[in-house]
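Peer 1: Position 140, counted from 1, in the sequence shown is what the numbering used here calls 121; the numbers after and before it change by one each time, with no gaps.
Every residue, glycine too, gets a C-beta built ideally from N, C-alpha and C.
Only a predicted model underlies this, so the values are computations on that prediction, with no experimental measurement involved.
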Amino acid sequence: MKRLARWRSLGAITIGVTTAVIGLQVSGALQLLEWEILNQWFRWRLPESRTVPIVLVTINDADLQWAGRWPLSDQQVAALLQRLHRDRPAAIGLDLYRDLPIQPGHTELLTAFRTIPNVIGISKAVGATAGSTVLPPPMLRDRNQVGVNDLLLDADGKVRRNLLAIDQHGQDKLALGTKLALIYLSQRGIIAQGGEAGSCTQLGKAQFCRLDPNAGGYVRADTSGNQTLSNFLRIPGGIPTVSLKQVMTNQVPASTIQDKIVFVGAKADSLWGDRFYTPYSTDSDTTWAGVEIHANVTAQIITSALDGRPLLQGIPECWEWGYILFWAGVGTALGWSLHSLRWTILLCPTAIVSVFAIAYSGFLLGWWVVAVSPALALLSAMLLSHVFWAWQALKQANQILELKVQERTQELVEKNLALEQARQVAESANQLLEHLARTDELTQVANRRFFNEYLNQEWYRMMREQLPLSLILLDIDCFKLYNDTYGHPAGDRCLSQVASTLQLTAKRPADRVARYGGEEFAIILPNTPLAGATQLANEIRSKIHHLQIPHESSYVSSHVTLSLGVVCIVPLPDVSLGQFISKADEALYQAKMQGRDRVVAVELPVR
């Protein structure tokens, strides 16, 4: 009976951990981690020794200087297309918008479109906002020589999926990379055919199946249209690339272009709008141009269809759940079997490495196997089962020692109670110390130390979220004369009254009032535009007026007044926090120079 109860408990641990981890996975809590693991798999994979029939004609910053304009005129684009057509490419993908004429040379461009049968233009079919779609060149649209150039971005801004086609108004519209790949393959007798399943298409040696919303690490992804996971192709030296200037000045041999798929697109660093993050991107310097991603999609399709290169795909969700259950069972068995905590700690990393090794091996074979959720299940089950074993052992020991410890039970209870009380006292003391360390003793508002910490925190938060951050610096006018006239105790009471007024006025949860130094105070206002901060500053100034604190020594007024400097900015990388504070200080200084008892507001950036 004891053994049966033990197995039931271990089974409950396994099932419970599996259910909890699957719940986390289904909720999307692990999605970002799974994406980052997939990024690492791509970075670790060695370049593949393959040749691809693709050439990139890129427009870099040097080309823009040479061309003398951006966007290129229709005349320049027409000349480029005619120059490429002369070398007999398999197809030309023009990743440049040409929905409207860009004079001079529109007639020449139309002639090029009419006489070059294998040039494919682009349209943007799915805009980020209403009206942000881009139509294709009308002539190419009428000749069915258009591919959509939309890219699929995940929540972290990276491209991990290929958009092969979209369904728009009941018609399938092929993506640019798909269109060019199919043209190239059709020239070699390979035509797309319906696969065994209705959602799959057979193309040469590869079968392309529509992406499941929960494939791999995705959770309820928007899989509209025809999507697949992107199995980026990285070859030594990258896809062959030549510049616009090299092509137009006849520096590119005809053999480089002949029978190749030629992509034409912008890659200039100055044209940031067409740069995208991929799993290989670690910063802005390693982003890919849109034309590079489209070319890579074409390379993936062609190498899969011709060479049988694996497509990246996820395993069915029910298999994933079974996989998580398996590793939860392994963790439970290890945690129960290894009675030594030392051995448990030593073997735990080995088991987790095994999980990731299997996931990486699956990736190399074309399968996106989740790694975070099974590793979490393994670790959790191992720890829980070991804790259960320790509890069982402790329970047995307690049964043996129960008779001997009954006399000391009450004593231990009292000691535990005393320890708990001591712990609570210590926690209260720590909280009090923390409060004292961050609070000005006189005014009971935040001190300068907390001001610096909080302003630095909100600065970077507002920079990430691109929201306005306002800062008010204020000074009690002629406060030294106030102290000299009424004495320091009265000065302290005046400071406290002002601080209390500030606290009652700046009362949003994120607003912070701090004593900046002496008679100077600061108010941090996250997500507040200049108009709102200025209104608050005027309200504070008005409330101090209404207090009617006598100040017969002031040369501004017969009662206490404030000078306030207001500054606002949407934080940018090229503006420092020190500059921001300095501008607030300058605004306060201007308020004093203009006669005090006033508000001066400044909006940054000021260059």
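1) DSSP puts Gly596 in a beta bridge; with which residues?
2) If Tyr258 and Lys139 are in contact, beta carbons under 8 Å, what's the gap, nearest whole angstrom?
3) How many Å lie between Thr159 and His150 at the Cα?
4) Which term fits Arg496, buried or exposed, when burial requires 16 or more other beta carbons within 10 angstroms of its beta carbon?
5) Do the CB positions of Val36 and Val272 come within less than 8 Å of each other?
6) Three Cβ pairs or more, each shorter than 8 Å: is that satisfied between the stretch 81 to 88 and the stretch 48 to 66?
7) Could you tell me the boundaries of the beta strand (DSSP E) in which Arg101 lies?
8) Using beta-carbon positions only, say whether Glu501 and Asp473 come within less than 8 Å of one another.
9) Quick check on the DSSP output: what are the complete alpha helix (DSSP H) runs of length 4 or more inside the stretch 69 to 155, in order along the chain?
10) Taking a contact to mean a Cβ-Cβ separation below 8 Å, would you say Ile282 touches Ala162 in this structure?
11) Could you say which of Leu364, Gln405, Asp555 lies nearest to Leu327 if we only look at CA atoms?
12) To the nearest whole angstrom, what separates the beta carbons of Leu210 and Gly295, a pair I think is in contact under 8 Å?
13) How about Val547 and Ala582: do their beta carbons lie closer than 8 Å?
14) So the candidates are Ser335, Ile550, Ser535; which of them puts its Cα closest to the Cα of Ser544?
15) Alpha carbon to alpha carbon, how far is Met120 from Asp250? Give it in angstroms, no decimals.
16) Whole angstroms are fine: how far does the CA of Asp255 sit from the CA of Ala568?
17) How would you call Gly4, buried or exposed, if buried means at least 16 neighbouring beta carbons within 10 angstroms?
18) In this structure, does DSSP put Thr259 in helix, strand or coil?
19) Taking the alpha carbon of Trp302 as the reference point, which residue from Arg(-11), Arg122, Ala286, Thr(-1) has its own alpha carbon closest?
20) Report yes if the C-beta distance between Val58 and Arg79 is below 8 Å; otherwise report no.
21) When the Cα atoms are used, what is the spatial distance from Leu134 to Gly49?
22) Can you tell me the Cβ-Cβ gap for Ala309 and Ala358, rounded? I've got them flagged as a contact below 8 Å.
23) Take Lys226 and list the residues in its own chain whose beta-carbon comes closer than 6 Å to its own, dropping the five residues that flank it on each side.
24) Starting from the C-beta of Glu584, find all residues in its chain whose C-beta is less than 8 Å away, skip the five residues before and the five after it, and write them out in chain order.
25) Any idea if Trp372 is buried or exposed, counting beta-carbon neighbours within 10 angstroms, 16 or more meaning buried?
26) By Cβ distance, which residues of its chain are closer than 6 Å to Gly246, with the 5 residues on each side in sequence left out?
27) So is Pro355 buried or exposed if we call it buried at 16+ other beta carbons inside 10 Å?
28) Which class does Trp51 belong to by DSSP, given the choice of helix, strand or coil?
29) Assign Ala518 to one of three DSSP states: helix, strand, or coil.
30) Strictly by DSSP, which residues pair up with Ala427?
31) So the beta strand (DSSP E) Thr202 belongs to, where does it begin and stop?
32) The alpha helix (DSSP H) spanning Glu298 covers which residue range?
33) Contact check, Ala235 vs Asp68 under 8 Å by CB: the rounded distance?
34) Starting from Thr39, follow its DSSP beta bridges and name the residues at the other end.
35) For Ala178, which residues in the same chain have their Cβ closer than 8 Å to its Cβ, ignoring the five residues on either side in sequence?
36) Measure the Cβ-Cβ separation of Met443 and Leu450 and say whether it is below 8 Å.
Peer 2: This is what the structure holds:
1) In the structure as shown, the chain starts at -18 and stops at 588, and residue 596 therefore has no counterpart that could be examined.
2) Cβ-Cβ separation between Tyr258 and Lys139: approximately 4 Å, consistent with a contact (criterion under 8 Å).
3) Within the model, the alpha-carbon separation for Thr159 versus His150 is close to 19 Å.
4) Classification of Arg496: buried, given that the 10 Å Cβ count is 16 or more.
5) No, the Cβ-Cβ distance between Val36 and Val272 is not below 8 Å.
6) Contact between the stretch 81 to 88 and the stretch 48 to 66 is present: three or more C-beta pairs spanning the two stretches fall below 8 Å.
7) The identity of residue 101 in the sequence shown is Ile, whereas the question assumes Arg. It spans 100 to 104 - the beta strand (DSSP E) in which Ile101 sits, taken as one unbroken run.
8) No.
9) Considered as a whole, the stretch 69 to 155 harbours 87 to 96, 119 to 123 as its complete alpha helix (DSSP H) runs of no fewer than 4 residues, in chain order.
10) Yes.
11) Closest in alpha carbon position to Leu327, among Leu364, Gln405, Asp555, is Leu364.
12) About 7 Å separates the two Cβ atoms, so the contact holds.
13) It is a contact, given that the beta carbons lie within the stated cut-off.
14) When only C-alpha atoms are compared, the closest one is Ser535.
15) Rounded to whole angstroms, Asp250 to Met120 spans 31 Å at the Cα level.
16) Whole-angstrom Cα-Cα distance: 40 Å.
17) Per the 10 Å Cβ criterion, exposed.
18) Three-state result, Thr259: coil.
19) It is Thr(-1).
20) Contact: yes.
21) Rounded to whole angstroms, the separation of the alpha carbons of Gly49 and Leu134 is 33 Å.
22) Indeed, because the Cβ distance is near 4 Å, the residues count as touching under 8 Å.
23) Cβ neighbours of Lys226 within its own chain (closer than 6 Å, five residues either side excluded): Asp44, Trp47.
24) Around Glu584: Leu511, Val548, Cys549, Ile550.
25) By the 10 Å Cβ count, Trp372 comes out exposed.
26) Excluding sequence neighbours, Gly246 sits near Asp76, Val272.
27) Flag for Pro355 reads buried.
28) Correct three-state label for Trp51: coil.
29) Correct three-state label for Ala518: helix.
30) Beta-bridge partners of Ala427 (DSSP): Thr420, Ala495.
31) With the sequence shown as reference, residue 202 is identified as Ala, and Thr is not the correct amino acid for it. Where Ala202 is concerned, there is no enclosing beta strand (DSSP E), given that its DSSP letter is neither H nor E.
32) Boundaries of the alpha helix (DSSP H) harbouring Glu298: 298 to 318, taken from the DSSP string.
33) That belief holds up - the Cβ atoms of Ala235 and Asp68 are roughly 4 Å apart, short of 8 Å.
34) Paired residues: Ser224, Gly246.
35) Low confidence applies here, because Ala178 scores a pLDDT of 48, under 50, leaving its location unreliable; read the following figure in that light. So the qualifying residues of the chain are Cys190.
36) Yes, Cβ-Cβ distance for Met443 and Leu450 is below 8 Å.
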